[in-house]
Amino acid sequence: MNPREEIIKQLKKITNLKEINLEIPPEGLGDYAFPCFVLAKTFKKSPIQIAQDLAGKIKPTKLIEKAEAKGPYLNFFVNKTIIAEDILRKIIKEKNKFGSRKHKKEKILVEHTSINPNASPHIGRARNALLGDFIVRLLRFQGYDIETHYFVNDIGKQIAMLVLGAEDKQKITFNDLLNLYIKINEKIEKTPELEQKVFELLKKLEEGDEKTKKRFRDIVDICVKGQVKIFRELDIKYDKFDYESDYLWTKKTVQVLKELEKTGKLFMDEEERYVLDQKDSNLPMESPFLVLTRADKTSLYPLRDLAYHIDKKKSKSIIVLGEDQKLYFQQLKAALTLLGKPSPQPVFYSFVLLETGKMSTRKGNLVLLEDFMKEALQKAREEIKQRHNNIDDKDAKKIAYGAIKYSILKVTPERNVTFSWKALQFEGDTGPYIQYACARINSILRKYEKEIDEKIDFSLLKTDEENNLIKLLSNFSEIIKESQRTLKPTIIINYIYNLAQGFSNFYIKCPILKADEGLQKARMLLASCVKQVLENGLSILGIETLEKM
RNA sequence: GCGCCUGUAGCUCAAUCGGAUAGAGCAACGGAUUUCUAAUCCGUAGGUUGCAGGUUCGAUUCCUGCCAGGCGCGCCA
38 MNPREEIIKQ
48 LKKITNLKEI
58 NLEIPPEGLG
68 DYAFPCFVLA
78 KTFKKSPIQI
88 AQDLAGKIKP
98 TKLIEKAEAK
108 GPYLNFFVNK
118 TIIAEDILRK
128 IIKEKNKFGS
138 RKHKKEKILV
148 EHTSINPNAS
158 PHIGRARNAL
168 LGDFIVRLLR
178 FQGYDIETHY
188 FVNDIGKQIA
198 MLVLGAEDKQ
208 KITFNDLLNL
218 YIKINEKIEK
228 TPELEQKVFE
238 LLKKLEEGDE
248 KTKKRFRDIV
258 DICVKGQVKI
268 FRELDIKYDK
278 FDYESDYLWT
288 KKTVQVLKEL
298 EKTGKLFMDE
308 EERYVLDQKD
318 SNLPMESPFL
328 VLTRADKTSL
338 YPLRDLAYHI
348 DKKKSKSIIV
358 LGEDQKLYFQ
368 QLKAALTLLG
378 KPSPQPVFYS
388 FVLLETGKMS
398 TRKGNLVLLE
408 DFMKEALQKA
418 REEIKQRHNN
428 IDDKDAKKIA
438 YGAIKYSILK
448 VTPERNVTFS
458 WKALQFEGDT
468 GPYIQYACAR
478 INSILRKYEK
488 EIDEKIDFSL
498 LKTDEENNLI
508 KLLSNFSEII
518 KESQRTLKPT
528 IIINYIYNLA
538 QGFSNFYIKC
548 PILKADEGLQ
558 KARMLLASCV
568 KQVLENGLSI
578 LGIETLEKM
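In my numbering, the protein residues as written are 38 to 586.
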C-alpha cells in the first residue's frame, strides 16, 4: 500500500464517505490534503472545526507521519523515505512501462489526419495528426491494442477539380499540386461553367470508367505519398489507409441507401436527390436534413462516410476532427444510431489562424507544415553549431521536431492558435528544454561509468529538491490516468515540464558525482528515474531524447 | 438570426469534475559559470481572469445577459 491509499483508507473509515478526493497542497503545507468542506453539512460544523477533529483521529503509521489541520484543510505529511524507496524501486523495475496501468487488451480503432489529398498539408492539419498520434501513443502506452486508420478522401469535388486542373499537364510532382489546386479554384470561380466539367468527371468516375479512375488514382497517389512522407518524417505512422472510393466500388454506399430506406426517413427531394430526414434526431439546426446524393445520383461525402463508419466494425473507435465537423458529426452519429450502428468518440480541435487572417488551401493563404519543419531544422542546426563542431542531422531533427510537436500539443485543443514564426523557441517551456534535462542526465550517467545501484540508503534523499522530484515521480500514474480520461496532451506536457524544471533545480543545488559515495549512489538512482519518467512522458508525445545536446 | 467553442500579465500559454496566496515561459531589468552541459539557474517587475449580474462557505471554473474572436447551420468534405 502506498501512503495515498492508506490516507484514503483511514479517511473513509473515519468519515464514512465513499469517495475521498485528495489534493496536493501548496508548497510546504504537506504532501496530501483533504478539504473538509464536503463534511460541513453532514457534521453540522464548520470545516475548520472538522479538520481539527479529524486531525486528532488520524493514526500515525509507518507511512503517515502526521496529519495537521490548517484552516478547512487536513494536511498529511508522509514518510518520505518510504515513498522514495517505493517509487524509485518501481520505476527501476517497470522502466518504460512505468506509469501505465495493467489491464486486459482491448482493441481500439483511431482515425486521424485523414486530410484531403489535394496538396501539401498546412500547419493547421498538423494539429489533427499530432493530436491523433498523441492519442495513439497514449493508449498504446496504456496497453490498448490500437489500429491507426487514415481515411483517404480520394473522391469528390475537390479531387475532381484537381484532376481537371492537371488535365493538360505532362508530369506532375507533389510540389506542383498546391499551385495547380489554387489555379483551378481561381479558374472555376471566374468561369463557373467549368464546374459542369467537374461534375461530369465525377459522374464518369462513379460509373466506373477505367480511364477516369486511373486519372484520379494517379493524382491521389502522388498526393498521398507526398503527405504521408511528411508525417512519416515526424514519426507519425498509420496501420491502414482506407480509400473512400472503395465504398463505391463495393456498392456499400448503395447498401447504406437501402438500409436507410427501410427506416422510412429517406426520401427523394424535388430535385431528385436522396435526402435523409433527421427531424426526429434533435439536431440544433433549422432544417435537419442530410443530403446523400446529387441529382445525378453521384454520392456525396456523408453517404460514403456513413458506409465507412459502418465498415469500421470495432466496438470502440476514436476519431480526430476539426471543429468545422462538429455539427456534421452529430448528423453522422444520428444517422448511424438510426441504423443501429455505433459511432466513434470524437475529439475536436480548433483551427490555426494566421496573423494575416484565416488559412485556406484553396486561396493559397497558408503556411505549409514542411516549411515550418525546415525552418525549425535550420534553427536547430544553428543552435548545435554554436555548441559543437559537427552537426549530427539526426540530432537536429530530434530537436526541431520535438520543438514543433511540443509547441502544438501545448495548446489545449479547443483553443484557436494564431501561428507565428516567432513562436518556435528552444528555451523555456519547450521541447528542447525537456530534452536538455535528459541530455544532462545522460551526460552524468556516462561519467558515472557504473551500474545504477538500487540498494541505497533512501533516507539520504532529503533536500527540498530531492523531495520535490520524488513527489512528482509518484504522481505520474495519476497524470497518465487523467490524460487518458480527457485525451488532452496538455496534462502530460505540464507534468514533464514541471519534472524537468524540478530536475534543473536539483541539478544546480545537488551535485551528484561530487557527493560522498552513499549520497552519490542515491542521487544517481534518483536522476536516472527522472530520466526514465521524462522519457516515458516524451514518448507519449512522440518526442525523442538525445545523448548529448 | 440560431447553435457550439474560446477570451487569464505587454506577448504565448497553464491552472488535475468548484478549493488554500491565479502559475510558467518569452520579452524587460538585475544577478549566477576555477563546478556533473548557461538550450540552465536565482531575483525584480508585470493581473479588476473580456464586461455586468447571479448561485455558495468559496468562482478563471457553474448559471443568465452583453461584448469580441473562431466554427457551423442542403447538393464542399
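Positions of the beta carbon are idealized from the N, C-alpha and C atoms, including for glycine.
Local Cβ density within 10 Å of residue i, reported as buried at 16 or more and exposed below that
| i | result |
| --- | --- |
| A587 | For residue 587 there is no data in the structure shown, the boundaries of the chain being 38 and 586. |
| F304 | exposed |
| K525 | buried |
| F278 | exposed |
| M198 | buried |
| T290 | buried |
| N190 | buried |
| G161 | buried |
| M586 | buried |
| M396 | buried |
| F74 | exposed |
| Q557 | buried |
| M7 | An answer regarding residue 7 cannot be provided, because it is not within the stretch 38 to 586 covered by the chain. |
| M561 | buried |
| H159 | buried |
| K229 | Sequence check: residue 229 is Pro here, not Lys. Per the 10 Å Cβ criterion, exposed. |
| E554 | exposed |
| N212 | exposed |
Residue span of the beta strand (DSSP E) that contains residue i, given as start and end
| i | result |
| --- | --- |
| V404 | Where V404 is concerned, there is no enclosing beta strand (DSSP E), given that its DSSP letter is neither H nor E. |
| A163 | Careful: A163 lies outside any beta strand (DSSP E), inside the alpha helix (DSSP H) at I160 to F178. |
| S354 | S354 to G359 |
| M305 | L303 to M305 |
| P72 | Y69 to P72 |
| I57 | Neither: I57 is in no beta strand (DSSP E) and is coded neither H nor E. |
| D182 | D182 to V189 |
8 Å contact criterion, which residue i and residue j should meet: CB distance rounded
| i | j | result |
| --- | --- | --- |
| L571 | C475 | 5 Å |
| E143 | K353 | 7 Å |
| Q472 | L583 | 6 Å |
| L364 | L329 | Actually they do not touch by this definition, with Cβ atoms about 16 Å apart. |
| T467 | A440 | 6 Å |
| L214 | A166 | Actually they are not in contact, since the Cβ atoms of L214 and A166 sit about 18 Å apart, beyond 8 Å. |
| V44 | K94 | Residue 44 is actually Ile in this sequence, not Val. About 13 Å; that fails the 8 Å criterion. |
| S514 | G136 | 5 Å |
| E503 | F543 | 7 Å |
First and last residue of the uninterrupted alpha helix (DSSP H) at residue i
| i | result |
| --- | --- |
| A121 | K117 to E131 |
| M561 | E554 to L578 |
| K107 | Not the alpha helix (DSSP H): K107 falls in the beta strand (DSSP E), residues I101 to K107. |
| K508 | D501 to L510 |
| K289 | K289 to T300 |
| E581 | E581 -> no alpha helix (DSSP H), and no H or E assigned at all. |
| V147 | Premise fails: V147 lies in the beta strand (DSSP E), K144 to E148, not in any alpha helix (DSSP H). |
| T79 | A77 to F80 |
| I517 | F513 to T523 |
| N155 | From DSSP, N155 is part of no alpha helix (DSSP H); its letter is neither H nor E. |
| I95 | Counting along the chain, I95 falls outside any alpha helix (DSSP H), and DSSP gives it neither H nor E. |
| N39 | Per DSSP, N39 belongs to no alpha helix (DSSP H) and is neither H nor E. |
| K15 | Since the first residue of the chain shown is 38 and the last is 586, residue 15 is not available in this structure. |
| F135 | Looking at the DSSP string, F135 is not in any alpha helix (DSSP H), and its letter there is neither H nor E. |
| L550 | That residue, L550, is in no alpha helix (DSSP H); it is neither H nor E in DSSP. |
Margin query: With a threshold of 8 Å, are at least 3 pairs of Cβ atoms found where one atom belongs to the stretch 128-137 and the other to the stretch 314-325?
Written below: no
Margin query: Quick check: the stretch 481-489 against the stretch 196-207, are at least 3 beta-carbon pairs closer than 8 Å?
Written below: no
Checklist line | Within the stretch 204-283, ranges of the beta strand (DSSP E) (whole runs, at least 3 residues) | finding: 277-280
Check: Enumerated in chain order, which unbroken segments of the alpha helix (DSSP H) with a length of 4 residues or greater are wholly contained in the stretch 442-497?
Finding: 468-485
Next item on the list: Would you mind listing the alpha helix (DSSP H) stretches within the stretch 364-429 that are 4+ residues and don't spill past its ends, in chain order?
Entry: 406-424
Item checked: Cβ contact check for the stretch 98-113 and the stretch 65-76: 3 or more pairs under 8 Å -> yes
Notebook entry, point to check: Are there three or more Cβ pairs, one per stretch, closer than 8 Å when the stretch 147-159 is compared with the stretch 93-102?
Noted result: no
Notebook entry, point to check: Unbroken beta strand (DSSP E) runs of length 3 or more, entirely within the stretch 313-342: which are they?
Noted result: 326-328
Notebook entry, point to check: Does the stretch 237-245 come close enough to the stretch 184-200 to have 3 or more Cβ pairs within less than 8 Å?
Noted result: yes
Notebook entry, point to check: Does the count of Cβ pairs from the stretch 252-269 and the stretch 336-349 closer than 8 Å reach three?
Noted result: no
Item checked: Segment contact, 8 Å Cβ cut-off, at least three pairs: the stretch 291-311 with the stretch 212-226 -> no
Item checked: Segment contact flag, the stretch 462-472 with the stretch 524-543, C-beta cutoff 8 Å, min 3 pairs -> yes
Notebook entry, point to check: Taking three-plus beta-carbon pairs below 8 Å as touching, is the stretch 169-176 in contact with the stretch 209-219?
Noted result: no
Check: Would you call the stretch 489-498 and the stretch 113-131 touching, i.e. three or more CB-CB distances under 8 Å?
Finding: yes
Next item on the list: Decide yes or no for the touch test of the stretch 376-396 against the stretch 247-257: beta carbon pairs closer than 8 Å, at least 3 of them.
Entry: no
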